[in-house]
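*Asks:* Top line first, the protein sequences correspond to chains A and B. Under the numbering used here, residue 308 is the last one in the first sequence; the count climbs by one each step, no gaps. Under the numbering used here, residue 358 is the last one in the second sequence; the count climbs by one each step, no gaps. Before anything else, here's the structure in question.
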Amino acid sequence: MAKSIDVSDLNIYYGDFLAVEGVTIPIAAKSVTAFIGPSGCGKSSFLRSLNRMHEVIPGARVEGKIIIDGNDLYGAGTDPVAVRREIGMVFQRPNPFPTMSIYENVIAGMRLNAKRMKKSEADDAVEKSLRSANLWAEVEDRLRRPGSSLSGGQQQRLCIARAIAVEPQVLLMDEPCSALDPISTSAIEDLIHDLQHDYTIVIVTHNMQQAARVSETTAFFNLSAVGEPGRLVEYGSTTKIFSNPDNESTEAYISGRFG
Amino acid sequence: MASTLETQQPPAGAARSIHQRTLPRYAPAAVFGGCLVIGAVLTGFGLIGTVVLGTVIYLVVIYVLSRTVESSRKAADRVVTGLVTSAFVIALVPLVSVIYTVFSRGLPVLSATFFTSSMRNVVGEGGGVFHAIWGTVYITGMALVISVPIGILTAIYLVEYGRGWLPRQIRFLVDVMTGIPSIVAGLFAYALFVLIFGPGIRIGIGGAIALSVLMIPVVVRSTEEMLKLVPNELREAAYALGVPKWRTIVKVVLPTALAGIATGVTLSIARVIGETAPLLIILGITDSANFDPFSGRIATLPVFTYYEYIQPGVDGSGEGRAFGGALVLVLIVLVLNAVARLISYLFSPTKA
Numbered sequence: 050m051a052k053s054i055d056v057s058d059l060n061i062y063y064g065d066f067l068a069v070e071g072v073t074i075p076i077a078a079k080s081v082t083a084f085i086g087p088s089g090c091g092k093s094s095f096l097r098s099l100n101r102m103h104e105v106i107p108g109a110r111v112e113g114k115i116i117i118d119g120n121d122l123y124g125a126g127t128d129p130v131a132v133r134r135e136i137g138m139v140f141q142r143p144n145p146f147p148t149m150s151i152y153e154n155v156i157a158g159m160r161l162n163a164k165r166m167k168k169s170e171a172d173d174a175v176e177k178s179l180r181s182a183n184l185w186a187e188v189e190d191r192l193r194r195p196g197s198s199l200s201g202g203q204q205q206r207l208c209i210a211r212a213i214a215v216e217p218q219v220l221l222m223d224e225p226c227s228a229l230d231p232i233s234t235s236a237i238e239d240l241i242h243d244l245q246h247d248y249t250i251v252i253v254t255h256n257m258q259q260a261a262r263v264s265e266t267t268a269f270f271n272l273s274a275v276g277e278p279g280r281l282v283e284y285g286s287t288t289k290i291f292s293n294p295d296n297e298s299t300e301a302y303i304s305g306r307f308g
Numbered sequence: 007m008a009s010t011l012e013t014q015q016p017p018a019g020a021a022r023s024i025h026q027r028t029l030p031r032y033a034p035a036a037v038f039g040g041c042l043v044i045g046a047v048l049t050g051f052g053l054i055g056t057v058v059l060g061t062v063i064y065l066v067v068i069y070v071l072s073r074t075v076e077s078s079r080k081a082a083d084r085v086v087t088g089l090v091t092s093a094f095v096i097a098l099v100p101l102v103s104v105i106y107t108v109f110s111r112g113l114p115v116l117s118a119t120f121f122t123s124s125m126r127n128v129v130g131e132g133g134g135v136f137h138a139i140w141g142t143v144y145i146t147g148m149a150l151v152i153s154v155p156i157g158i159l160t161a162i163y164l165v166e167y168g169r170g171w172l173p174r175q176i177r178f179l180v181d182v183m184t185g186i187p188s189i190v191a192g193l194f195a196y197a198l199f200v201l202i203f204g205p206g207i208r209i210g211i212g213g214a215i216a217l218s219v220l221m222i223p224v225v226v227r228s229t230e231e232m233l234k235l236v237p238n239e240l241r242e243a244a245y246a247l248g249v250p251k252w253r254t255i256v257k258v259v260l261p262t263a264l265a266g267i268a269t270g271v272t273l274s275i276a277r278v279i280g281e282t283a284p285l286l287i288i289l290g291i292t293d294s295a296n297f298d299p300f301s302g303r304i305a306t307l308p309v310f311t312y313y314e315y316i317q318p319g320v321d322g323s324g325e326g327r328a329f330g331g332a333l334v335l336v337l338i339v340l341v342l343n344a345v346a347r348l349i350s351y352l353f354s355p356t357k358a
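Set out below in structure tokens:
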């Protein structure tokens, strides 16, 4: 069910401001790709452009091509709503729906789209998603409690369960662990390891050890100066990027000698 | 309290001390009591004069005392505390006075007959507000039915869809509408129905429309503020699940903001339920209950109160009924405020 993504010559604009320039990168199916780089270099903007969440912001637009399994993501007939059903997203801060219980949060993707499902189907979907998100054991006896009653790390795993309940092809994660403690982080990293057998995962992270631990491919973004657009400096297998990068600035960033 | 007045000597070599002499806790109360006595003596024991003069003397005395014993910062603090408390008490005076008057003069009038009979064929004693209560309830109800959909949909447009100059203009016009004097809203509704039915028209739906003109801006503004409070992250979470925008608004944004919207709507009812001027024009007054909102005069509580007071009847018993009507109106508003609190408690999304 996982799909590969081919990005070529992508420019991202906020109004007239060119935020990211000329990104070309293939993203392999059923693998984890990590985006690293300093703040403001356009990693998150690029990630959001992969499921057309970018254009939710007024004035934001994209030039270039993103091909997913032969379909042009920004083609004339492409429905952004349908795109987002195939390409799920987990955000930096956990954002469970406050009006819904844990149970309702997990199947929110179906319920909000008014998909009719039997009680047993819904129960199965909830259990399956929560098990995949490593959360089932902790919440199985309190599924009717509000989602906001969980701890931060549990809420983030609930959001992952919610994202995978709709069975997307690709899962985008925008710094999913930046608000979490090391134990929750490790739980989510284990989860990413498990999920990569079924999903194409793209993760933005500021934590380089995390990129090294979870990803097979790493892409380094950078910007030459403040106000200049961000660029993709290089990408390659995580082992290579972390041990023997081609670009000097990549090495400087990874070894902490940056700026 | 002597210990608090002791001077703490700073240890040798320390440039500054964190200790400071302070007035005892009872000092402000004691000084204020003393000043009241002085004020009473100086003004010859008049209530208002005593309080006003006593307060002024208190502010001066506490400043000098605190400045001498404590510090200039503490002195300023005590004076400002006194000023703020005075402002609070002054603001409370009309509220307490109104509630006291309405209750003390309205309560004796309330009886079963008062609630169950209209003013039909009543010239002296007796009669009641039945017709006016029902008039108020269903005129306000109709205004609610007109205003809530328009107001909430406008707010949704402003927050979720509006881009560019149109929402700015709408927001400006809504602000202007908030400031429309209620008599103008009444004249608008009256003029509208005169154009349709001819001069001298009295019609219930007209009253509802006049009240809607006053209610819509309140509903729009309060709903808009509540929708703005819904975190963008929730909208993005829904979009990321492939939920279309309108479903996101209906199933995520509105439920999250429901408590605030319901409170705003309830308060907007409280705002218009006591309107007299527009209803005086378009509804007039009648002695009988009229259940047909599309024909004829309808009595409402505020207009009833007004007419009972200026035309108290042959034996002057209307004045009592006026206070009774006012009391019923105050009680309705109190109940609405309680309902607003209950709603915001029940629908609040953080409720575990």
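Beta carbons: idealized from backbone N, C-alpha and C, even for Gly. Here the structure is a predicted model, which means the values were calculated and not measured.
With DSSP collapsed to three states, give me the class of G113(A).
*Replies:* Strand, per DSSP.
*Asks:* Along the chain, where does the alpha helix (DSSP H) that runs through L114(B) open and close?
*Replies:* One point to set straight first is that residue 114(B) is Pro, not Leu, in the sequence displayed. No alpha helix (DSSP H) contains P114(B), which DSSP labels as neither H nor E.
*Asks:* Looking only at its chain, what residues have a beta carbon closer than 6 Å to the beta carbon of T234(A), apart from the 5 residues adjacent to it on each side?
*Replies:* So the list reads C226, once near-sequence residues are dropped.
*Asks:* I want to verify the contact list: residues of chain B whose CB lies under 8 Å from the CB of A131(A), in sequence order.
*Replies:* Simply G248.
*Asks:* Short of 7 Å in beta carbon distance, which residues of its chain neighbour E230(B), apart from the five on each side in sequence? Order them along the chain.
*Replies:* Excluding sequence neighbours, E230(B) sits near A161, L164 and V165.
*Asks:* Leaving aside the five residues before and after A359(B) along the sequence, list all residues of the same chain whose C-beta is less than 7 Å from its C-beta, in chain order.
*Replies:* Outside the shown range of chain B (7 to 358) lies residue 359(B), about which nothing can therefore be said.
*Asks:* Is the Cβ of P355(B) closer than 8 Å to any Cβ of chain A?
*Replies:* For P355(B), the answer is yes, since a Cβ of chain A falls inside 8 Å of its Cβ.
*Asks:* Within 10 angstroms of the Cβ of Q218(A), are there 16 or more other Cβ atoms? Answer buried if so, exposed if not.
*Replies:* It counts as buried.
*Asks:* Report the rounded CA-to-CA distance for Y167(B) versus N120(A), giving the unit in angstroms.
*Replies:* Cα to Cα, the separation comes out at about 29 Å.
*Asks:* Which residues of the region 142-159 of chain A have a Cβ closer than 7 Å to any Cβ of chain B? Give them in chain order.
*Replies:* Under the 7 Å Cβ criterion, the region 142-159 of chain A contributes R142, N144, F146, P147, T148, A157 and G158.
*Asks:* What is the rounded straight-line gap between the Cα of V139(A) and the Cα of L89(B)?
*Replies:* So the two alpha carbons sit approximately 53 Å from each other.
*Asks:* Considering just the uninterrupted stretch of the beta strand (DSSP E) at E283(A), what are its terminal residues?
*Replies:* Unbroken beta strand (DSSP E) run through E283(A): G279 to S286.
*Asks:* At 4 residues or longer, and completely inside the region 141-222 of chain B: list those alpha helix (DSSP H) runs for me, N to C.
*Replies:* Runs of the alpha helix (DSSP H) inside the region 141-222 of chain B: 171-184 and 188-203.
*Asks:* Need the endpoints of the beta strand (DSSP E) that Y248(A) sits in, please.
*Replies:* Where Y248(A) is concerned, there is no enclosing beta strand (DSSP E), given that its DSSP letter is neither H nor E.
*Asks:* Any chance the region 104-114 of chain B sits against the region 332-343 of chain B, with 3 or more Cβ pairs inside 8 Å?
*Replies:* Touching, per the Cβ criterion.
*Asks:* For Y167(B), decide whether its Cβ has a neighbour in chain A, counting only Cβ atoms nearer than 8 Å.
*Replies:* So, not an interface residue.
*Asks:* Name the chain B residues whose beta carbon is nearer than 7 Å to that of R134(A)?
*Replies:* Per Cβ cutoff of 7 Å: G248.
*Asks:* Name the chain B residues that come within less than 9 Å of P231(A), Cβ to Cβ?
*Replies:* Chain B residues near P231(A): none, gap ~24 Å exceeds 9 Å.
*Asks:* If you compare alpha carbons, which of G204(B), A138(B) and R79(B) is closest to G6(B)?
*Replies:* Residue numbering for chain B in the displayed model covers 7 to 358; residue 6(B) lies beyond these limits and cannot be assessed.
*Asks:* In the DSSP assignment, find the unbroken alpha helix (DSSP H) run with G40(B) in it and report its ends.
*Replies:* A33 to T49 is the extent of the alpha helix (DSSP H) around G40(B).
*Asks:* Any beta-carbon of chain B closer than 8 Å to the one on N120(A)?
*Replies:* It does not; no Cβ of chain B falls within 8 Å.
*Asks:* So, for N343(B): in the same chain, excluding its five sequence neighbours on each side, which residues have a beta-carbon less than 7 Å away from its beta-carbon?
*Replies:* A276.
*Asks:* Are S323(B) and G130(B) close, meaning C-beta to C-beta below 8 Å?
*Replies:* It is a contact, given that the beta carbons lie within the stated cut-off.
*Asks:* Let's test the definition: count the other Cβ atoms within 10 Å of the Cβ of G124(A) and tell me whether it reaches 16, buried, or not, exposed.
*Replies:* It is exposed - the Cβ of G124(A) has fewer than 16 other Cβ atoms within 10 Å.
*Asks:* Using a Cβ-Cβ cut-off of less than 8 Å, list which residues of the region 75-102 of chain A approach chain B; keep chain order.
*Replies:* Against chain B - using a Cβ distance shorter than 8 Å - the residues of the region 75-102 of chain A are N100 and M102.
*Asks:* Could you round the C-beta distance between I85(A) and T267(A) to whole angstroms and report it? I think they count as a contact, below 8 Å.
*Replies:* Confirmed, Cβ separation roughly 6 Å.
*Asks:* CB-CB under 8 Å to S197(A), same chain, minus the five flanking residues each way: which ones, in chain order?
*Replies:* Here the set comprises P145, P147 and Q204.
*Asks:* Taking only three categories from DSSP, how would you classify P217(A)?
*Replies:* P217(A): coil per DSSP, three-state reduction.
*Asks:* Does any C-beta atom of chain A lie closer than 8 Å to the C-beta of A243(B)?
*Replies:* So, interface residue.
*Asks:* Who are the near neighbours of V225(B) in its chain, counting only those whose CB is closer than 7 Å to its CB and skipping five residues on each side?
*Replies:* Here the set comprises S153, V154, G157, I158, G270, V271 and S274.
*Asks:* Which chain B residues sit within Cβ distance under 7 Å of R206(A)?
*Replies:* Within 7 Å Cβ-Cβ: nothing; R206(A) doesn't reach chain B, min ~14 Å.
*Asks:* For T9(A), count neighbouring C-beta atoms within 10 Å of its own C-beta (all shown protein chains included) and say buried if the count is 16 or more, exposed if not.
*Replies:* Here chain A covers residues 50 to 308 and nothing more, so residue 9(A) does not appear.
*Asks:* Along chain B, in chain order, which residues have C-beta atoms closer than 7 Å to that of M138(A)?
*Replies:* What M138(A) touches in chain B: A246.
*Asks:* Considering only C-alpha positions, which residue in the set V75(B), R111(B), V259(B) and P284(B) is nearest to I236(B)?
*Replies:* Reading off the sequence shown, one finds Val at residue 236(B), where the question assumed Ile. It is V259(B).
*Asks:* Using the three-state DSSP reduction, which class does E153(A) fall into: helix, strand or coil?
*Replies:* In the structure shown, E153(A) sits in a helix (DSSP, three-state: H, G or I).
*Asks:* Please work out which residues of its chain come closer than 7 Å, Cβ to Cβ, to A358(B), disregarding the five sequence neighbours upstream and downstream, and give them in chain order.
*Replies:* For A358(B), the predicted structure reports a pLDDT of 44, less than 50, and the residue's modelled location is therefore unreliable. The matter cannot be settled from this model.
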